[in-house]
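Novice: For the numbering used here, count along the sequence shown from 1 and bump the result up by 391. Have a look at this one before I ask anything.
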Amino acid sequence: MNVSFKLGPLPLFGGNMAKKCTAGKLKVFDDGGGGGDAQFPSFLPKEVEKIKDPFARSLAKRIERLPVQIGYSESCIMSSCVKPPIKQSNKTTPVVLLHCFDSSCLEWRCTLPLLEEAGLEAWAIDVLGWGFSDLESRPPCDVASKRRHLYQLWKSYIRRPMILVGPSLGASVAIDFTVHYPEAVEKLVLINPSVYAEGTGHLAKLPELVAYAGVSFLKSLPLRLYANMLAFNSIPFLTILDWTNVGRLHCFLPWWKDSTVSFMFSGGYNVISQIKQVKHKTLIICGEKDQIVSYKLVVKLHSELSNAIIREVSDSGHLPHVDNPKCVAKLIANFAEDDADAKRSFCLALAQEPALRR
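Here is the structure:
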């Protein structure tokens with residue numbers, strides 16, 4: 392059963408991350424919501440204590456849960472995310488970072504601090520059904536539920552048009568959301584986008600017992616470790632093992648299996664018919680050595696979007712925001728700054744040409 396091709400790539404963590412994160416001069420936050428001597432949130436699985444990656448440990452200490460009302464009831468989901476520091480809020484267009492299939496906000500452990508250093512208001516959001524939200528009530532985790540949950544979180548806490556960033560299957564999440572709530576999105580960033588899969592296919596029709604067995608296998612350390620070792624070469628085994636543990640940390644929450652099976656049975660994401668409906672300015676970032684999403688599909692997506700540009704990250708695989716966070720952060724920051732520069736130039740022109748004000 393080839394789960395990765397139907398549900399989306401596994402959350403692989405690896406590459407030359409340690410070297411490139413150091414080159415990016417990341418700050419490990421120690422301001423009461425970050426790293427240093429701060430404690431891990433009590434809702435994280437106890438396995439977080441075993442993680443050695445300092446960037447993952449730092450970001451994990453910043454994860455918090457916000458109440459997000461769902462449906463028409465009074466019930467809320469305590470939803471996990473990393474919020475921007477108060478001092479950086481409301482100054483720029485918010486950048487909202489989604490993640491890959493069956494991953495979490497920890498995927499952004501290296502890039503998010505660089506975006507904050509660039510002065511951006513960055514949010515790392517856990518998509519409903521994955522990550523570290525409290526799903527004790529076992530809410531449905533189909534596409535529509537994921538979309539409504541993200542919208543309610545945006546409406547409650549972000550409240551301004553955002554730059555929505557989606558890597559891999561997260562690109563499908565971003566496209567689906569943008570088509571349904573165009574007013575909430577200012578721009579899109581799609582990283583090695585997996586947008587041409589037709590949902591979960593035959594996996595949606597598996598007997599329940601077989602589905603749960605398959606999901607259990609998806610959680611297994613050997614499978615995820617093997618996936619990491621296939622994706623990245625010349626990395627010490629203990630380092631790959633640590634990155635694998637970061638990628639599967641959320642799987643230790645008691646509702647993870649139920650949420651994943653709920654998504655599988657719902658049919659998953661199929662946004663092929665929605666792509667041409669997206670009119671927002673879009674940046675497509677692709678890794679030069681991505682072996683999961685072919686460059687032909689990236690070019691196809693570029694041709695179907697009415698207002699898109701492509702940028703390639705050299706010496707990077709499927710997750711350039713992990714492989715080369717400094718480059719990805721710069722691309723996103725420049726993309727975010729484009730309109731701001733245009734607005735400043737326009738205002739300067741008005742000031743220099745009094746006739747224009749008549």
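Using N, Cα and C, we set each Cβ at its ideal position, and we do this for glycine too.
(1) CA-CA distance, Leu541 and Ile663?
(2) Give me the residue from Asn715, Glu703, Pro530 with the minimum Cα distance to Ser685.
(3) Flag this pair as touching only if the segment 487-496 and the segment 558-574 have three or more C-beta atom pairs under 8 Å; answer yes or no.
(4) Would you kindly report the start and end of the unbroken alpha helix (DSSP H) that includes Ala565?
(5) Inspect the beta-carbon positions of Lys578 and Phe431 and report whether they are closer than 9 Å.
(6) What separation, rounded to the nearest whole angstrom, lies between the Cα atoms of Leu644 and Phe523?
(7) Pick helix, strand or coil for Gln460, following the three-state DSSP scheme.
(8) On a CA-only basis, which of Leu696, Leu632, Ala618 is nearest His709? Give me that one, please.
(9) Enumerate in chain order the residues of its own chain whose CB-to-CB distance from Lys672 is below 6 Å, with the five nearest sequence positions on each side excluded.
(10) Between Leu750 and Val486, which are expected to be in contact by the criterion C-beta below 8 Å, what is the C-beta distance as a whole number of angstroms?
(11) Please report how far the alpha carbon of Lys721 lies from the alpha carbon of Thr502, in whole angstroms.
(12) By the 10 Å Cβ neighbour count, where 16 or more other Cβ atoms means buried, how is Pro613 classified, buried or exposed?
(13) With DSSP as the reference, label Glu507 as helix, strand or coil.
(14) Under three-state DSSP, which class holds Ile605?
(15) Relative to the C-alpha of Arg538, which residue among Ile566, Trp514, Arg529 is closest?
(16) Where does Leu470 fall in DSSP's three states?
Specialist: In brief:
(1) To locate residue 541, count along the sequence shown from 1; it is residue 150. To locate residue 663, count along the sequence shown from 1; it is residue 272. Taking the straight line joining both Cα atoms gives about 21 Å.
(2) The sequence position of residue 685 within the sequence shown is 294, counting from 1. Comparing C-alpha distances from Ser685 to each of Asn715, Glu703, Pro530 shows the shortest one belongs to Glu703.
(3) Contact between the segment 487-496 and the segment 558-574 is present, because at least three Cβ pairs lie under 8 Å.
(4) Counted from its first residue, the sequence shown places residue 565 at position 174. Counting along the chain, the alpha helix (DSSP H) containing Ala565 begins and ends at 560-571.
(5) Translated into the one-based positions of the sequence shown, residue 578 becomes position 187. Translated into the one-based positions of the sequence shown, residue 431 becomes position 40. No, they are not a contact pair.
(6) Along the sequence shown, read from residue 1 onward, the residue named residue 644 stands at position 253. Along the sequence shown, read from residue 1 onward, the residue named residue 523 stands at position 132. Spanning the alpha carbons of Leu644 and Phe523 requires a straight line of approximately 8 Å.
(7) Stepping through the sequence shown from its first residue, residue 460 is reached at position 69. Gln460: strand per DSSP, three-state reduction.
(8) Numbered from its first residue, the sequence shown carries residue 709 at position 318. Of the candidates Leu696, Leu632, Ala618, the residue whose Cα lies closest to the Cα of His709 is Ala618.
(9) As a position in the sequence shown, residue 672 is number 281, starting the count at 1. Within the same chain, Lys672 has close Cβ partners Lys578, Asn698.
(10) Since the first and last residues shown for the chain are 392 and 749, residue 750 lies out of range.
(11) Indexing the sequence shown from 1 puts residue 721 at position 330. Indexing the sequence shown from 1 puts residue 502 at position 111. Taken atom to atom, the span from the alpha-carbon of Lys721 to that of Thr502 is near 9 Å.
(12) Counting from 1 along the sequence shown, the entry for residue 613 is found at position 222. Exposed, by the Cβ-count rule.
(13) Along the sequence shown, one-based indexing puts residue 507 at 116. In this structure, Glu507 counts as helix in the three-state DSSP scheme.
(14) Numbered from its first residue, the sequence shown carries residue 605 at position 214. Note on residue identity: the sequence assigns Gly, not Ile, to residue 605. Secondary structure of Gly605 (DSSP, three-state): helix.
(15) Indexing the sequence shown from 1 puts residue 538 at position 147. Out of Ile566, Trp514, Arg529, Ile566 has the C-alpha closest to the C-alpha of Arg538.
(16) Walking along the sequence shown from the start, residue 470 turns up at place 79. According to the sequence shown, residue 470 is Ser rather than Leu. The answer is strand: DSSP assigns Ser470 an E or B state.
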